[in-house]
Amino acid sequence: MVVVDRLMTVSLSPAALASLERRFGAQVRFGIPLARYTAARVGGPAECLIEIESATALADAAAWLWAQGLDFLVLGGGSNVLVSDSGLKGVILVNKARAAGKVRFEARSQPPVVWAEAGVNLGVIARQAAVRGLSGLEWAAGIPGTLGGAVVGNAGAHGGDIAANLIVAEILQREQSAVGISTSISQWSPERMEFAYRSSRLKKAPGQALVLSATLRLESSSREAVEEKMEAFNAYRRQTQPPGASMGSMFKNPPSDYAGRLIEAAGLKGARVGGAQISLLHANFFINEGAATAGDIYALIQLARRQVRQASGVELETEIQLLGDFA
Ligand SMILES: Cc1cc2nc3c(=O)[nH]c(=O)nc-3n(C[C@H](O)[C@H](O)[C@H](O)COP(=O)(O)OP(=O)(O)OC[C@H]3O[C@@H](n4cnc5c(N)ncnc54)[C@H](O)[C@@H]3O)c2cc1C
Numbered sequence: 002m003v004v005v006d007r008l009m010t011v012s013l014s015p016a017a018l019a020s021l022e023r024r025f026g027a028q029v030r031f032g033i034p035l036a037r038y039t040a041a042r043v044g045g046p047a048e049c050l051i052e053i054e055s056a057t058a059l060a061d062a063a064a065w066l067w068a069q070g071l072d073f074l075v076l077g078g079g080s081n082v083l084v085s086d087s088g089l090k091g092v093i094l095v096n097k098a099r100a101a102g103k104v105r106f107e108a109r110s111q112p113p114v115v116w117a118e119a120g121v122n123l124g125v126i127a128r129q130a131a132v133r134g135l136s137g138l139e140w141a142a143g144i145p146g147t148l149g150g151a152v153v154g155n156a157g158a159h160g161g162d163i164a165a166n167l168i169v170a171e172i173l174q175r176e177q178s179a180v181g182i183s184t185s186i187s188q189w190s191p192e193r194m195e196f197a198y199r200s201s202r203l204k205k206a207p208g209q210a211l212v213l214s215a216t217l218r219l220e221s222s223s224r225e226a227v228e229e230k231m232e233a234f235n236a237y238r239r240q241t242q243p244p245g246a247s248m249g250s251m252f253k254n255p256p257s258d259y260a261g262r263l264i265e266a267a268g269l270k271g272a273r274v275g276g277a278q279i280s281l282l283h284a285n286f287f288i289n290e291g292a293a294t295a296g297d298i299y300a301l302i303q304l305a306r307r308q309v310r311q312a313s314g315v316e317l318e319t320e321i322q323l324l325g326d327f328a
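When we follow the numbering used here, the leftmost residue of the sequence shown carries the number 2, and every step to the right adds one.
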């Protein structure tokens, strides 16, 4: 069985829809295809979608939605999720902030740090660090999506990950008391984030807390050295990972093995369902060749899990999150 991370199948009431329109005005849109907001370019309509451009707006929107008792989900770059073809009910907050004014470097502090809002693209932060001659985020340059999504999933590559860089994350939490629902903002250390391989406390308990911003540790270096290392990582990525619409690695690597190797050993390199294919270059990448549905990709996930279980007895666990109804 593949676990669905968020079902989001309960429709908003007419009264809730009306109050959303009153609260968010022209920002609220209805029935927008989520394929436009996901890296795999699949996913049915969002019942209600609001684009958010700052951490303050994210905190305000979330506080209001929690107080109203309305189900909502934050999407960053949509690069680590598979959204079902039937779409998602409730409210989708798309959190994407332009870097201007939302990223601050303190190059002279000890250690040097960068603070950024959760909606900023992680690769943009890494490249801005490089220009300033600040090392430590070279591994992140080729990872799509937002800083918030990276913190939630403890994104990592080339031996680095968010857990190793994070100094503190600013977290908005839902609080329930006898008086009602309120929110609080606090600074979480890496220990409190409970980071694990591609996981964190927030990923394990979705819907309870949001990342508003994060401060990452850097090191002084030179622009040339940082850019050279970054380019070497990017060249390796281009050589070993396929281009095209995907979610990156589909499954977590099991202890002391590789999901891609196991899928290849099960004879599934190049396997197709509809418009989706298991990459010929890297079997842990599932590619939308243009006309794939989420159902096609989901069928490939199930096929890979079944065949790997039969071939090697290993139970593959998805790295991506499944959102919506896949029944
Ligand atoms: C081509 C490709 C290559 C990739 N390579 C890598 C790699 O090398 N290493 C790696 O780790 N990953 C990789 N990924 C996966 C993905 O890019 C990362 O997991 C990324 O950090 C996800 O960020 P996002 O903003 O797209 O998150 P989304 O996919 O939008 O969301 C992921 C989860 O985080 C939650 N979320 C997002 N923002 C917030 C927030 N502010 N507060 C609370 N919850 C939030 C969402 O609700 C969802 O549950 C790759 C993906 C692709 C398509």
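Built from N, CA and C at the ideal position, the CB exists for glycine as well.
Worksheet item: I think A56 touches A119, with their Cβ atoms under 8 Å apart; what is that distance to the nearest whole Å?
Response: 6 Å
Worksheet item: Quick one: complete alpha helix (DSSP H) runs, 4+ long, within the region 245–311?
Response: 260–266
Item to complete: Please say whether D297 and G275 have beta carbons closer to each other than 7 Å?
Response: yes
Worksheet item: Where does I126 fall in DSSP's three states?
Response: helix
Worksheet item: So which of N96, A131 and G124 has the shortest CA-CA distance to A1?
Response: Outside the modelled stretch of the chain, which goes from 2 to 328, sits residue 1, for which no answer is possible.
Worksheet item: So I172 and L211 are in contact, right, with Cβ under 8 Å, and what is the actual spacing, rounded?
Response: The beta-carbon separation of I172 and L211, rounded to 7 Å, stays under the 8 Å limit for a contact.
Practice prompt. Rounded to whole angstroms, what's the CA-CA distance from A155 to V114? Just pull it up for me.
Written response: A quick correction: the sequence has Asn, not Ala, at residue 155. Near 18 Å, if we compare the C-alpha coordinates of V114 and N155.
Practice prompt. Take the Cβ of D258 as the centre, count every other Cβ of all protein chains shown within 10 Å, and call the residue buried at 16 or more, exposed below.
Written response: exposed
Discussion item. Check for me: the alpha helix (DSSP H) holding T10 runs from which residue to which?
Written reply: First-last for T10: undefined, no H or E at that position.
Worksheet item: Roughly how many angstroms lie between the CA atoms of E290 and A36, to the nearest whole one?
Response: 14 Å
Worksheet item: Does the Cβ-Cβ distance between S201 and P145 come in under 7 Å?
Response: No; because the gap between Cβ atoms is not below 7 Å, this pair is not in contact.
Worksheet item: Taking buried to mean at least 16 other C-beta atoms within 10 Å of its own C-beta, is L281 buried or exposed?
Response: exposed
Discussion item. To the nearest angstrom, how far is the alpha carbon of L8 from that of Q28?
Written reply: 24 Å
Item to complete: Could you have a look at P34 and say whether DSSP puts it in helix, strand or coil?
Response: strand
Worksheet item: Quick one: what's got a C-beta closer than 7 Å to E22's C-beta in the same chain, skipping five residues either side?
Response: V29
Discussion item. I'd like to check one pair, G137 with R238: are the Cβ atoms closer than 7 Å?
Written reply: no
Worksheet item: What does a CB cutoff of less than 8 Å around S222 pick up in its chain, not counting 5 residues either side in sequence?
Response: G134, L135 and S136
Discussion item. Is the beta carbon of L301 closer than 7 Å to that of A277?
Written reply: yes
Practice prompt. Could you tell me which residues DSSP pairs with I53 in its beta bridges?
Written response: Beta-bridge partners of I53 (DSSP): N96.
Worksheet item: When the distance is taken between beta carbons, is V5 closer than 7 Å to L323?
Response: yes
Worksheet item: Is the beta carbon of S80 within less than 6 Å of some heavy atom of ligand 1?
Response: yes
Worksheet entry | Through-space distance from P112 to E220, alpha-carbon basis | 6 Å
Worksheet item: By DSSP, does T241 sit in helix, in strand, or in coil?
Response: helix
Worksheet item: Count the other CB atoms within 10 Å of the CB of V178; is the residue buried (16 or more) or exposed (fewer)?
Response: Checking the displayed sequence, the identity of residue 178 turns out to be Ser instead of Val. Label assigned to S178: exposed.
Worksheet item: Of the choices V169, F234 and A295, whose alpha-carbon is the least far from that of A117?
Response: Looking from the CA of A117, the closest CA among V169, F234 and A295 belongs to V169.
Item to complete: Identify whether A142 lies in helix, strand or coil by the three-state DSSP scheme.
Response: coil
Discussion item. Using C-beta distances below 6 Å, list every residue in its chain close to F25, excluding the 5 sequence neighbours before and after it, in chain order.
Written reply: I51
Practice prompt. Buried or exposed for V153, please, with buried defined as at least 16 other CB atoms from any protein chain shown within 10 angstroms of its CB.
Written response: buried
Worksheet entry | Supposed contact pair P15 and I33 - C-beta distance, whole angstroms, cut 8 Å | Wrong, their Cβ atoms sit about 19 Å apart, outside the cutoff.
Discussion item. I'd like to know whether the C-beta atoms of I182 and W65 end up nearer to each other than 7 Å.
Written reply: Cβ atoms of I182 and W65: not closer than 7 Å.
Worksheet item: Can you give the Cα-Cα distance for F106 and A284, rounded to whole angstroms?
Response: Going from the Cα of F106 to the Cα of A284 covers about 38 Å.
Worksheet item: Between the Cα of T184 and the Cα atoms of P191, R175 and E192, which residue gives the shortest distance?
Response: T184 has its Cα closest to that of R175, out of P191, R175 and E192.
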